[in-house]
Structures are given as C-alpha cells and as structure tokens.
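Trainee: Residue numbers (the numbering used here): 823 to 1199.
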Amino acid sequence: MAKRNPNGAGTITRRKDGRYQAAVYVLQPDGTRARKYAYGSTWAECDEKRQELIARDRKGIPTPTRSMKLAEWLPYWLDNIVKPRRKRTTYVKYETHVRLYLVPRLGKRSLEKLGVRDVRQALAGISAATTAATAKEAHRVLRSAMTAACREELITRNVVSLVEAPVVDSYEAEIWSLEQTLAFIVVARRDPLYAAFMVAIGLGLRRGELVGLRWQDIDLDTRTLRVRKQRQSVRGDNYEDDTKNRRKRTIPLPKLCVAPLRWQRMRQAAMREAAGDTWQASDLVFTTRSGRSIEGRNVLRSFYRLSDKAGLPRIRVHDARHGAGTLLALAGTHPRVAMEILGHSKISTTMEIYTHVPDASKREAIALVDAMLRRRR
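(1) Reducing DSSP to helix, strand and coil, say where Ser932 ends up.
(2) Runs of 4 residues minimum, wholly inside the segment 903-971: which ones carry the alpha helix (DSSP H) assignment?
(3) Quick test of your reading: Leu984 and Val938, contact by CB under 8 Å. State the CB separation rounded to the nearest angstrom.
(4) Whose C-alpha, out of His1140, Leu1035, Ser863, is nearest the C-alpha of Thr1072?
(5) In chain order, what residues of the same chain lie with their CB nearer than 7 Å to the CB of Trp899, ignoring the 5 residues before and after it?
(6) What whole-angstrom Cβ distance do Ala845 and Gly832 have, given they're in contact under 8 Å?
(7) Please classify Tyr1205 as buried or exposed, where buried requires at least 16 other C-beta atoms within 10 Å of its C-beta.
(8) Considering only their Cβ atoms, is the gap separating Arg965 from Val982 smaller than 7 Å?
(9) For the alpha helix (DSSP H) holding Glu870, just list the boundary residues, first then last.
(10) Could I get the ranges of all uninterrupted alpha helix (DSSP H) runs contained in the segment 977-1051, with 4 residues as the minimum, in chain order?
(11) Hey, how far is the Cα of Thr864 from the Cα of Tyr847?
(12) With a threshold of 7 Å on Cβ separation, who are the neighbours of Glu996 within its own chain once the five nearest residues in sequence on each side are excluded?
(13) Between the alpha carbons of Asp1064 and Glu870, how many angstroms are there, rounded?
(14) I need the DSSP call for Glu974, collapsed to helix, strand or coil.
(15) In this structure, how does DSSP classify Pro1082 when only helix, strand and coil are distinguished?
(16) Report yes if the C-beta distance between Leu945 and His961 is below 7 Å; otherwise report no.
(17) Buried or exposed: which applies to Lys825, given that a residue is buried once 16 or more other Cβ atoms fall within 10 Å of its Cβ?
(18) State the CB to CB distance for the pair Lys958 and Val990, rounded to an integer number of angstroms; the pair is presumed to be in contact (CB under 8 Å).
(19) So which of Gly1133, Arg836, Ala856, Ile834 has the shortest CA-CA distance to Trp998?
(20) Can you grab the Cα-Cα spacing for the pair Leu1075 / Leu892, in whole Å?
(21) In the segment 1071-1125, which residue ranges form an unbroken alpha helix (DSSP H) of at least 4 residues, counting only runs that do not cross its ends?
(22) Return the chain-ordered list of same chain residues with a C-beta closer than 7 Å to the C-beta of Leu1083, the five sequence neighbours on each side being excluded.
(23) Cutting at 7 Å between CB atoms, please list the residues of its own chain near Thr956, excluding the five before and the five after it.
(24) Less than 6 Å between the CB of Cys972 and some heavy atom of the ligand GTP, yes or no?
(25) Between which two residues does the alpha helix (DSSP H) harbouring Ala831 extend?
(26) Rounding to the nearest angstrom, what Cα-Cα distance links Val1009 and Arg1028 in this structure?
(27) Straight-line CA distance for Leu1047 to Glu934?
(28) Which of helix, strand or coil does DSSP assign to Leu1128?
Below you can see the structure in the form of structure tokens.
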C-alpha cells in the first residue's frame, strides 16, 4: 500500500505540462484556512516550497491565497496587531486615518501592487483636502501598516518608506514670561482648579497625568509626588491608563503647591459631605461635585477662561508644561534632572524646551559673555 501523507502535510502532483504542483491548507489573515498552491519544475523544488508553507502554518504565520487589498489588510492590522499592543488613544487615531483617508484612496490597491506613485498621489490628495499635518500622520500610519505586512511576509518591501512624508511647519509653543505666569496665578487663586493649575505650572504634568492624580501618590509632609497613571477620554469613555512611554516617576513637590493641595483636600471633603450618598468614591485629587473624574477638555476650558480674564495670550495647558521646563532651565537645572521631572523619554526633547528661553534671558547670557571677554582683554 502507498504511504499516505499525514494531515496538514499537503500533496504533490504532476501536471499535464510536466511541472509539479503542491497543495497545502494554510492559515489566512482572517483566521480561516484555504488551499495554497506552489509550483516547481522538479519534484524536489516543489517539495521545498511545500515544506516552507507547512513551516509558516505551524508557526501561525498567515499565508494569503491571493494578494490582499489594502481595504482588507488595514482593518486586520488594526484589530490584530495595533489593538492588542498599543494604547487605546493610538488605536483610535490610527483607525480614524485608515477609515477616513487611507481606505477611501488606496483600499482597492493590493499589497503587492501598491506603488510609490500611488502613495504619493494619495498623500497629495489628503493634504489638499485637509492639511499637510494630517497627510504626514496618514503617511506614518500607512508606513507602519506596510512594515507589519513585511514582517508577516505578505510583501517583500515597504514602498511607503520610499515616499517622502509631507513637510509640516514645526509647532512653536508660545510660552508665558515669568510676569505673565504670576499674573495667571493671581487670577486663578479663587478657581476650583487652582491647585491643578499650580501643579501644572510648578511640575509640568501632562493634562492626563493631572486629572489622573491620586491622593495616595501625594505626600505633603515629605513633599513628594508620584506620577504613575493618567486618565484619557476616548469617544466618550473616560478611563485610566499608563503614563506616556509607560514611565513612572517620583518628583519633589514645590512649596508653592503644598498649600493649594491642602486647600483642595479640604474643599473635596466639603463636596463629599454635601453630595452625601450620591458621592462616587475615588482617590482622585481633582473631581466634580459628585466625585466623578474631571475630563481633560474641561481643564482646558477653565485654563482658557482664566487666561482671558488675566488678559494673557491663550496657550495650551501643554504649553504651560513647556513653561515649567523653561523655568527649570532658568533655575540652572541640569537637563538630565529636568528630563526626569518632566517625564521625557529622550534628552533631546528636554533640550528642545531648553532652547525656548525668553529673549531677556538670552540678552543676559550674552551680556555675561561680553563682560567675561572684556575682562580678558
């Protein structure tokens, strides 16, 4: 009796034209199984291709029986590669670009036939319809998706990496001077979020880190603050998440933040008593009158309102973070120390903020250099 191949080993047959054909059931990107054919001029050549297909299948690597279209691959990439590994905010941002820009313009193209010209034309169309910044982000999303396709061995090269990303003017953060910052503090002194703004100005916390701050992470006696979590709001869902870059940090608490935080704790105790049974218990430092977490956009609204009241130019709460970095620079803080306080993952990010010192400080530095050189003459 002829020996039968075990299940999953596939078969090799000889065609009428003399070539050999291997047939193996393999895993598809959508989770189903389908028959994949491979051909060779000799039995050994065909068997080698059969073994490769079997090896990929045993490792769980999908092998499409036909070239996938981007309209099929991009949703698969989002749900099976991005969603399990990246933050929800990242997933939502990628999904938005895929749904609004990439699939409508490139969805009918297959992975193998996507060309440099296709990508360039799509980016030009996105830039014309929206902004260059949106097109640049779409380029980044598509490049990441095609890199994943290369890892899955669905394509041999990433054509998106051959296309230049759209040029975008870099954002220049507007930073308040020391006098402007003090003017804001005076106006904000009676605001319910006064303590939050003092922490933002003094320590440069991100908005999500600010609204996610918990009392268990603050020690007012030793004046230390730990940044371990943040709160994000995605499509109406307010949830707790790891900090950016998943970096936790413990930083000293400035004296100017201690009294506002003590006031906030007493104010919150009064709100809890007034709310009674309707109070939603949590350890959050900044809450609504019923104990619910505060959304970051409401912090921004209050920040704008107080800025207008003080007659100051509107800046983002995140720009106040840059302002904290500038104050650290003016205080002569070493960049490596400032990097740990601000929670940057790269020293280059800190150095970019350190270059945004006010003109008055630049003039003082040049005057000092001038005086030193005159003394040497």
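Note that CB positions come from ideal geometry on N, CA and C, so glycine has one too. Keep in mind that this is a model prediction, so the values were computed, not measured.
Mentor: Inspection of the coordinates gives the following:
(1) strand
(2) 910-919, 925-928, 938-951
(3) 5 Å
(4) Leu1035
(5) Ala967, Ala970
(6) 6 Å
(7) Absent from the model: residue 1205. The displayed extent of the chain is 823 to 1199, so no value can be given.
(8) yes
(9) 865-880
(10) 1000-1010, 1016-1025, 1029-1033
(11) 21 Å
(12) Pro1135, Ile1137, Asp1141
(13) 47 Å
(14) coil
(15) helix
(16) yes
(17) Because the pLDDT at Lys825 is just 47, under 50, the model does not fix this residue reliably, and the value given afterwards should be weighed accordingly. Looking at its Cβ environment, which holds fewer than 16 other Cβ atoms inside 10 Å, Lys825 is exposed.
(18) 5 Å
(19) Gly1133
(20) 50 Å
(21) 1077-1097
(22) Ala1017, Ile1040, Leu1042
(23) Ile948
(24) The model depicted lacks the ligand GTP and carries no ligand whatsoever.
(25) Element bounds for Ala831: n/a, residue is neither H nor E.
(26) 22 Å
(27) 52 Å
(28) helix
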